[in-house]
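> The following block contains the structure, expressed as structure tokens.
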Amino acid sequence: KYPLMFSVCDVVIINKTDVMPYFDFDLEKCGEYVRMRNPKARIFPISAKTGEGIDELAEWLFEEVRHYQYTK
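Going by this note's numbering, the sequence shown wraps up at 129, each residue one higher than the last.
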């Protein structure tokens, strides 16, 4: 639906993974779609409700901020 967005982004955050079993959403297919358009994009499936994936996302974000601060 938004191919340009996926082509230029650094990260894709997929939230609400805790409710995926109740919807027709294929996380693997979504990842394939993103990688076809942007192999460098990081994909973070998360659940704000359960906390799943939040630590990995926070760690990545922290490193990005630190890298930005040192390269300014």
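Just so you know, even glycine gets a beta-carbon here, dropped at the ideal spot from N, CA and C. What you are looking at is a predicted structure, and each value in this text was computed from that prediction instead of being measured.
May I have the straight-line CA-CA distance separating K73 from L118, to the nearest angstrom?
Position 16 of the sequence shown, counting from 1, holds the residue named residue 73. Position 61 of the sequence shown, counting from 1, holds the residue named residue 118. Each residue's alpha carbon lies about 19 angstroms from the other.
> By DSSP, does P78 sit in helix, in strand, or in coil?
Within the sequence shown, numbered from 1, the residue matching residue 78 stands at position 21. P78 falls in the helix class under three-state DSSP.
> Give the range of the alpha helix (DSSP H) segment to which P60 is assigned.
In the sequence shown, counting from the first residue as 1, residue 60 sits at position 3. Per DSSP, P60 belongs to the alpha helix (DSSP H) from 60 to 65.
> Grab me the residues of I111's own chain with a C-beta within less than 6 angstroms of its C-beta, minus the 5 sequence neighbours each way, in chain order.
As a position in the sequence shown, residue 111 is number 54, starting the count at 1. I103.
> Which residues mark the beginning and the end of the beta strand (DSSP E) in which I71 is found?
In the sequence shown, residue 71 corresponds to position 14, counting from 1. Unbroken beta strand (DSSP E) run through I71: 68 to 71.
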